[in-house]
Amino acid sequence: MTGPQSTGGFSVRGMRAVVVGGGASGTAAARLLAERGASVTLTDVRAAIDSQVALQAAGVALVLGSNPAALAAGADLVVLSPGVPITQPAVAAARRAGVPVIGEIELASRWLRGRIVAITGTKGKSTTTALTGRILAEAGYDAPVGGNIGTPLATQVASSTPATIHVVEVSSFQLETTDTFHPWIAALLNLTEDHLDRHASFEEYAAAKARVFARQTEADVAVVNADDARAVAVAEAGRARVVRFARDARIDAGVTVSGGWIVERGGSGDERLMRAGDVRLVGPHLLADVLAAAAVARAAGAPADAVAGAVSSFRGLEHAMEVVGDIGGVRFVNDSKATNVDAARHAIETFGPGLVVIMGGRFKGGDLARLRPALAARRATVVAIGEAAPLVQDALDGAATVRLAGSMADAVRTAADAAAPGGSVLLAPACASFDMFEDYAARGRAFKAEVEALRREGERRKEERRPWREP
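Counting from 2, one number per residue, gives the positions in the sequence shown under the working numbering.
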């Protein structure tokens, strides 16, 4: 690997830079801009943010409680946090005034010295990104993981070297504010309806995802899911060499499953990477994420033993088909990251009859009725929560028994009462979390806390029923 990723000559020294949004991404961008010599103001509609003391110590001015349009319009550069839409009034005012508007991912990428592996898709991004980083680390590469997975890319700039491979999860929100962002390897895992509460249409959402390939050249690699025709069409429209992976489709070249093995198929035959049975993740849809990570890592130069070593020890991510425990013969599974309809469908299809699904939150668009066949086949019960509870009930009534719950505590207990020994309770919301929780992680933690409370309650009752024995 030779040559820097960064855009030559980019400087913000002396610029007036405005960062809109004071979450982790915005905070990291503000600090980076200040370190690089910009005069930085961070603005947020909240009256207080967690990092305000540290930002002020770094020389960042704060405007909290509003996002003044005049502030952004008078800047030399505006950097958006991914949670801030480009249609937000202050951002729109800056764009009308001709001020460059970019995101934190775009900003950081201009100063990275290493190469970028960018992973996007409607579902499976975090699992694939984390596992890709593990495989590359197993292979001996300096491969920090970041982006939408939780660590802002801006925090990696200082440690970036020409040998670094930055493994970055990127969302549609982050990609729509990219310009020069140039991944060496870009992966599109799948493409289905999501975030239609923010994107005006599926076409707009797909166009944002397609930007992951926009700056690639013939020297780069586009990794794509051959089981998803729409994703393949997007990847093939770019200039990069296309590498496929497939769980179901027949492919002549790429990473797939054959004869119980994960293999890399090529002109000289199949090279075995590892036994498929050594994958520790719950659910066949997560096998596709493993294939994607293997395809990306192999394209980056990882040997087969690194794939096998990293995958066989990988137990998955918190809140992604995470087995929480067993109470009275009922398994409880946390898939709080299933924030769209397709992700929830794949999770549901992992289980057998007698499933109870906790579903709902802030609806992001899509067709909840697509869940009906999977639910009906499993004679499932749905416990609906949050703003979308009436939508869930209307869409799924008749295909499943639908019960309503006003809180996570209520939902877990209602689900436990509906479940029979040998069955499962699955948190697969098919919705965002922001009506009831700070984010999907907070929702997942609340689910786990209620399951633990239920377990302790059961143990206490069991202890109370024990016959008295003389010491």
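For glycine and all other residues, C-beta sits at the position ideal for the given N, C-alpha and C. Keep in mind that this is a model prediction, so the values were computed, not measured.
Start and end of the alpha helix (DSSP H) containing Ile129? Position 128 of the sequence shown holds residue 129. Correcting the residue type first, residue 129 is Thr in the shown sequence and not Ile. Counting along the chain, the alpha helix (DSSP H) containing Thr129 begins and ends at Lys126 to Glu139.
For Val324, which option in Gln57, Asp249, Lys124 and Ala429 has the closest C-alpha, if you only look at C-alpha atoms? Residue 324 sits at position 323 when you count from the first residue of the sequence shown. Looking at the Cα atoms, Ala429 is the closest of the given residues.
Do you know offhand how far Asp306's Cα is from Ala250's? Numbered from its first residue, the sequence shown carries residue 306 at position 305. Numbered from its first residue, the sequence shown carries residue 250 at position 249. Straight-line Cα distance between these residues: approximately 25 angstroms.
Sorted by chain position, which residues of the same chain lie with C-beta nearer than 6 angstroms to Leu405's C-beta, five sequence neighbours on each side aside? As a working mapping, residue 405 is identified with position 404 in the sequence shown. Within the same chain, Leu405 has close Cβ partners Ala385 and Ala390.
Residue nearest to Gly482 in terms of C-alpha spacing, selected from Lys124, Ala417, Ser425 and Cys432: Here the chain has residues from 2 to 472 only, and residue 482 is not among them.
Does DSSP put Asp198 in a helix, in a strand, or in coil? Taking the sequence shown and counting its residues from 1, one reaches residue 198 at position 197. In the structure shown, Asp198 adopts coil according to DSSP, grouped into three states.
With a cut-off of 8 angstroms on the beta carbons, I'd call Ser172 and Thr121 a contact; round off their distance for me. For the purposes of this step, residue 172 is taken as the residue at position 171 of the sequence shown. For the purposes of this step, residue 121 is taken as the residue at position 120 of the sequence shown. The beta-carbon separation of Ser172 and Thr121, rounded to 7 angstroms, stays under the 8 angstroms limit for a contact.
Given this structure, state the Cα-to-Cα distance separating Gly445 from Gly330, to the nearest angstrom. In the sequence shown, the residue the question calls residue 445 occupies position 444. In the sequence shown, the residue the question calls residue 330 occupies position 329. Using only the alpha carbons, I get a separation of about 21 angstroms.
Residues in its own chain within less than 6 angstroms of Ser313 by CB, not counting five upstream and five downstream? In the sequence shown, the residue the question calls residue 313 occupies position 312. Cβ neighbours of Ser313 beyond the five flanking positions: Asp279.
In the DSSP output, which residue or residues are listed as bridge partners for Trp262? Here residue 262 refers to the residue found at position 261 when the sequence shown is read from its first residue. Trp262 is bridged to Ser259 and Arg276.
Quick check: the Cα distance between Ala159 and Lys210, rounded to an integer number of angstroms? Taking the sequence shown and counting its residues from 1, one reaches residue 159 at position 158. Taking the sequence shown and counting its residues from 1, one reaches residue 210 at position 209. Whole-angstrom Cα-Cα distance: 28 angstroms.
Of the listed residues Arg276, Glu194 and Ala187, nearest to Gly239 (C-alpha basis): Your numbering for residue 239 matches position 238 in the sequence shown. Residue Ala187 is the option with its Cα nearest to Gly239.
May I ask you to list the residues that DSSP assigns as paired with Ala401? Numbered from 1 along the sequence shown, position 400 holds the residue referred to as residue 401. Answer by DSSP bridge pairing, in chain order: Asp398.
Sort Pro86, Val357, Glu237 and Gly353 by Cα distance to Asp198 and report the nearest one. Counted from its first residue, the sequence shown places residue 198 at position 197. It is Pro86.
Reduced DSSP category for Glu105 - H, G, I as helix; E, B as strand; rest coil: Residue 105 sits at position 104 when you count from the first residue of the sequence shown. Secondary structure at Glu105: helix, using DSSP grouped into helix, strand and coil.
Could you tell me which of Glu205, His200 and Thr193 sits nearest to Arg231, measuring between CA atoms? Start at 1 with the first residue of the sequence shown, and residue 231 comes out as number 230. Comparing Cα-Cα distances from Arg231 to each of Glu205, His200 and Thr193, the minimum goes to Thr193.
Tell me the rounded alpha-carbon separation between Glu464 and Arg457. The residue you call residue 464 lines up with position 463 of the sequence shown. The residue you call residue 457 lines up with position 456 of the sequence shown. So the alpha carbons of these two residues sit roughly 10 angstroms apart.
Note down, in chain order, each residue of its chain lying with its Cβ closer than 6 angstroms to the Cβ of Gly284, except the 5 sequence neighbours on either side. Position 283 of the sequence shown, counting from 1, holds the residue named residue 284. Correct list, in chain order: Met322 and Thr351.
Cα separation between Met2 and Arg276? Residue mapping note: residue 2 aligns to position 1 of the sequence shown, counting from 1. Residue mapping note: residue 276 aligns to position 275 of the sequence shown, counting from 1. Its pLDDT being 40, under 50, Met2 is placed unreliably by the model, and the measurement read from it follows with that caveat. Rounded to the nearest angstrom, the two C-alpha atoms are 30 angstroms apart.
Please classify Gly23 as buried or exposed, where buried requires at least 16 neighbouring CB atoms within 10 angstroms. Here residue 23 refers to the residue found at position 22 when the sequence shown is read from its first residue. Answer is buried; the Cβ neighbour count reaches 16.
According to DSSP, is Ala39 part of a helix, a strand, or is it coil? Counting from 1 along the sequence shown, the entry for residue 39 is found at position 38. Correct three-state label for Ala39: coil.
Glu453 (DSSP reduced to helix, strand or coil): Here residue 453 refers to the residue found at position 452 of the sequence shown. Here Glu453 sits in helix by DSSP.
Neighbourhood of Val383 by C-beta distance below 6 angstroms, restricted to the same chain and skipping five residues each side: Here residue 383 corresponds to residue number 382 of the sequence shown, with the count starting at 1. Only Val358, Met360, Leu397, Ala401 and Val403 meet the Cβ criterion.
Quick check: the Cα distance between Asp229 and Ala39, rounded to an integer number of angstroms? Mapped onto the sequence shown, residue 229 falls at position 228. Mapped onto the sequence shown, residue 39 falls at position 38. Rounded to whole angstroms, Asp229 to Ala39 spans 44 angstroms at the Cα level.
Touch test, the segment 204-219 against the segment 141-157, Cβ-Cβ under 8 angstroms, three pairs minimum: Remark: fewer than three beta-carbon pairs, one from each stretch, lie closer than 8 angstroms, so the segment 204-219 and the segment 141-157 are not flagged as touching.
In chain order, what residues of the same chain lie with their CB nearer than 7 angstroms to the CB of Ser12, ignoring the 5 residues before and after it? Residue mapping note: residue 12 aligns to position 11 of the sequence shown, counting from 1. Nothing listed; no residue qualifies.
Check whether the Cβ atoms of Glu237 and Val244 lie closer than 8 angstroms to each other. What you label residue 237 is simply residue 236 of the sequence shown in a count that begins at 1. What you label residue 244 is simply residue 243 of the sequence shown in a count that begins at 1. No, these two residues do not count as a Cβ contact at 8 angstroms.
Closest to Pro101 by C-alpha separation, out of Val79, Val118, Ile117 and Gln89, would be which residue? Position 100 of the sequence shown, counted from the first residue, corresponds to residue 101. Comparing Cα-Cα distances from Pro101 to each of Val79, Val118, Ile117 and Gln89, the minimum goes to Val79.
If contact is defined by three or more beta carbon pairs under 8 angstroms, each pair taking one atom from either stretch, is the segment 333-349 in contact with the segment 251-270? no
So who's on the other strand from Arg242, going by DSSP bridges? The count along the sequence shown starts at 1 and reaches residue 242 at position 241. In DSSP, Arg242 forms a bridge with Val222.
Nearest neighbour of Leu81, chosen from Ile166, Arg97, Glu177 and Thr165 [CA to CA]: For the purposes of this step, residue 81 is taken as residue 80 along the sequence shown, with counting starting at 1. Ranking Ile166, Arg97, Glu177 and Thr165 by Cα distance to Leu81 puts Glu177 first.
Start-to-end residues for the alpha helix (DSSP H) that takes in Thr121: By 1-based counting over the sequence shown, the position of residue 121 is 120. Run containing Thr121: none in the alpha helix (DSSP H); it sits in the beta strand (DSSP E), Arg116 to Thr121.
For Gly367 and Ala70, I'd like the C-alpha separation in whole angstroms. Position 366 of the sequence shown, counted from the start, is the residue given in the question as residue 367. Position 69 of the sequence shown, counted from the start, is the residue given in the question as residue 70. Looking at the two C-alpha atoms, the distance is approximately 33 angstroms.
Candidates Glu107, Ala164, Val168 and Pro304, of which the one nearest Phe174 by Cα: Counting from one through the sequence shown, the residue named residue 174 turns up at place 173. The residue with the shortest Cα to Cα distance from Phe174 is Glu107.
Go to Val342, then tell me how far its alpha helix (DSSP H) extends in each direction, as first and last residue. One-based indexing of the sequence shown puts residue 342 at position 341. From DSSP, the alpha helix (DSSP H) with Val342 extends over Val342 to Ile349.
Hey, is Ala429's beta-carbon within less than 8 angstroms of any beta-carbon in chain B? No chain B appears in this structure, which consists of one protein chain only.
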